[in-house]
Every structure is written in structure tokens, then in C-alpha cells.
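Engineer: Under mature numbering (1 follows the signal peptide of the UniProt record, and there is no 0), residues -30 to -1, 1 to 323 are what the sequence shown spells out, in order. For each residue, glycine too, the CB sits at the ideal point set by N, CA and C.
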Amino acid sequence: MSSSKRPLLVSAGLAALVIGLSGSQLPAAAALPARAPAAAPGGGVRDVVFAVHGGAGSLPRGSLTPEQEKAYRDGLAKALRTGYGLIKDGRPALDAVEKAVNVLEDDPLFNAGKGAVFNTDAEQELDASIMNGKDQRSGAVAGVHHTKNPISLARLVMEKSPHVFLAGKGADEFALRNGVPYTTQDYFWTQRRWDQLMAAKGNPSARQSEVGGTVGAIALDGSRNVAAATSTGGLTNKEVGRVGDSPVIGAGTYANNRTLAISCTGTGEVFIRGVAAHDVSALMEYAHLPVTKAAATVVNQKITALGATGGVIALDGRGTLATPHSTKGIINGYVTKDGEIVTRLYDDETPAE
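1. Take the Cβ of E93 as the centre, count every other Cβ of all protein chains shown within 10 Å, and call the residue buried at 16 or more, exposed below.
2. Which class does G280 belong to by DSSP, given the choice of helix, strand or coil?
3. According to DSSP, simplified to helix, strand and coil, what is N226?
4. Across which residues does DSSP place H295 in a beta bridge pair?
5. Let's test the definition: count the other Cβ atoms within 10 Å of the Cβ of S193 and tell me whether it reaches 16, buried, or not, exposed.
6. Confirm, please, whether the CB-CB distance from G244 to residue 326 is below 8 Å.
7. Are the CB atoms of E39 and L315 nearer to each other than 8 Å?
8. State the DSSP-derived secondary structure class of G(-8), mapped to helix, strand or coil.
9. With a threshold of 16 other CB atoms inside 10 Å of the CB of A275, please say whether the residue is buried or exposed.
10. Between A278 and T223, is the Cβ-Cβ spacing less than 8 Å?
11. Is L190 helix, strand or coil when you go by DSSP?
12. Pairs of beta-carbons, one from the region 254 to 264 and one from the region 223 to 235, closer than 8 Å: are there three or more?
13. Express the C-alpha separation of G14 and A98 in angstroms, rounding to a whole number.
14. Grab me the residues of V210's own chain with a C-beta within less than 6 Å of its C-beta, minus the 5 sequence neighbours each way, in chain order.
15. Helix, strand or coil, according to DSSP, for H115 in the structure here?
16. Take S(-7) and list the residues in its own chain whose beta-carbon comes closer than 8 Å to its own, dropping the five residues that flank it on each side.
17. Helix, strand or coil, according to DSSP, for H248 in the structure here?
18. Roughly how far, in whole angstroms, is the beta-carbon of Q106 from the beta-carbon of N226, given that I think they are within contact range, below 8 Å?
19. So, using beta-carbon positions, are A63 and A189 closer together than 8 Å?
20. Where does Y157 fall in DSSP's three states?
21. Between D286 and P30, how many whole angstroms is the CB-CB distance? I'm expecting something under 8 Å.
22. Please name the residue in V185, V150 and G220 whose C-alpha comes closest to that of N102.
23. Give me whichever residues DSSP pairs with T235 in a beta bridge.
24. Would you say A66 and G53 are within 8 Å of each other, going by their C-beta atoms?
25. According to DSSP, is N195 helix, strand or coil?
26. Pick out whichever of V71, K118 and I301 has its Cα sitting closest to the Cα of D156.
27. Out of E310, E239 and C234, which has the shortest C-alpha to C-alpha gap to V213?
28. What does DSSP give as the partner residues of Y304 in its beta bridges?
Listed below in C-alpha cells is the structure:
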């Protein structure tokens, strides 16, 4: 069945790994039996307060070694614990999404910060955006070269400047003027991303398929405020100066207390053309669709019709999480209000929304 025709239901056979808040991962022999998360009416997962993603894509079970699987799950779980811990302590959703994305930016497994891919000139150009649902304040940066955590720079733009969006040299200079440590490009270098660049240059027409993509976080705090954040290194071998949807408010990131918090991942050019993140919010606000239906409509109909693939994580003010995707899966995880942490890597762990 194609993704665009999948019903908005949570698979009863969801095989998700549940991790305790202590941070220790259950050994394979003690893994809990497969079970579905609490389903919300119309699909999705209910009672969620925090969620993250690590990119859209297909990961068939068995495609990772046990060591690789543990590393990816540990990375997602660390980000989830970080965000949930702040929410539990009464901190605002905006703090939670920033700090959780910091965790993923510092993890070389993901295409953001330390693990960012190379552009065609063998450099990293980093993009990020953050948005507060309470007042729609936003901050974004694009083409950043010398900032370790671009999501924090995006928040700094929101809070310390009269602007929403800074790019390139101006964004890096703004960072220095505001006390952000200068990070040399060699910090971002990883062998895996270098190998991917060499492979892309050897066959520029080949589509790169890899685990560990754009990262994002969404949150619902104790005051019922939502926030969203997205960070990325973009595309392997991208043109210098290319900007995708991740730093574009309304395309890759959006938050509005009246509707939802959402972070997108996929073919950025098409998510920009489709104004994807805001379109989901608009369907909720004006057409009164539930978050599951609104998100699935944009991802599986509009974005697909424009010739692209991708996915989103979307959380409404009632704690319903939707994760529709037109790829076979989306790397993601979430925390329920009672502290249960779930991470999802494989095709068969993702609800068919």
C-alpha cells in the first residue's frame, strides 16, 4: 500500500523500544514485548509532551548492527530525556526544544552540528530555526560556518535582535558579537560524511540514502504552550549557499498555541514550495482538522503531488502526536506525560498514518 493511501491508524504491532528515564537501555534479553502506544482518536499517539526526529527515510529491520542501533537509540533517548526533564521541571517548551536539539547537534550520527554533511566545496553550512507557539516569536539562521550549535544561535537571533532570519557571514558575526564561541570547520569533520561526499562526487546523480538526517524537536509544556525547533547540515554535495526548509519558518518549522508545534524533514525545496509546516497549522485552524489528518494531508497528498517525499512530527495542544511520512519511515521518538520514552528507527516501528 502506498504511503498516500495508508489509513490514519497506529499499528497494533508497533515494536518500539521503551527506555527508562534513568537512561539505561534494556538489554536485548530483557526487552519488553511489542505493544502499541496509546492511540488517539483518528490515529496518532496521545498523552505526548515531547518528541524528536532524526530524519525521514527507510530503515529495514536488520540494516543496522546491534551496536549501531544502540547508538542511534541512545542518541534519541538522550535528547528525549533532556527535553522531558526540562518540561517536568516546569521550564518552558522553548527551552526544552532548544536543549534537546543541542544534544542531537552534538551527536555525530545526525546531520546537524557535529555530524553535518559537506557541501560541494567540502564545507559545512548549517541551518536552523526555532519558534515559540505562545507569541509566534521566531529565530532562524542559514549558511552558518562557525557555530557549534546553530539552534541556539537561532534563538539568540530571536531574543537579541530585531530580526527573524540571519544568514552566512552576518549570522556568524552576530554570533561572535553576542559571545558565542568561534568553532573552526574541522570540528564538524567526520569520516562518514567525507566518504558520502566522495561517493556523491563520483556519481552526482545518485540519490544519497543514509540514516541520521535533519533533526527536530517539539514540546508541550505545563502551561500548555508549544514550541518547535529544527536543525540540519542540508544535503551532501549541495551547492554553496543552498538553503532548504529547515530554517524557513512556516516551511520546516512552525509553532502556534492555537494549533500545534511541527518540525519537518525531507526534500527541503518542495517543503518550501508547499509551505508545509504552516499548511498543517492552517488546516487545523481554518478547516478544523485534527492534527493527524492535517499532517497526513500535507505530507501524503500535497508534498507527494509536488514530487517529493518526507515526513513530520506534529504535536497539538492536547498532547496528540502525529508522525506521517511519504517515505517508508521517519526516525523519531517521544515521551508521554508519565515519562515513558519510546524510540523508533525501523519501518515496522512507525505508525502507518
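Structural biologist: This is what the structure gives:
1. By the Cβ-count criterion, E93 is exposed, with fewer than 16 other Cβ atoms from all chains shown falling within 10 Å of its own Cβ.
2. Taken through DSSP and simplified to helix, strand or coil, G280 comes out as strand.
3. strand
4. According to DSSP, H295 bridges with G281.
5. exposed
6. The chain is shown only over -30 to 323; residue 326 falls outside these bounds and no answer can be derived.
7. yes
8. Residue placement at G(-8) cannot be trusted, given a pLDDT of 35 that sits under 50; the coordinates are not used to answer.
9. exposed
10. No; because the gap between Cβ atoms is not below 8 Å, this pair is not in contact.
11. strand
12. yes
13. 26 Å
14. N89 and D91
15. H115: coil per DSSP, three-state reduction.
16. Here the model assigns S(-7) a pLDDT of 32, short of 50, so the residue's position is not dependable and the matter cannot be decided.
17. helix
18. 6 Å
19. yes
20. helix
21. Wrong, their Cβ atoms sit about 31 Å apart, outside the cutoff.
22. G220
23. The secondary-structure analysis by DSSP pairs T235 across a beta bridge with G281.
24. Taking 8 Å as the Cβ cut-off, A66 and G53 qualify as a contacting pair.
25. coil
26. K118
27. E239
28. A21 and V312
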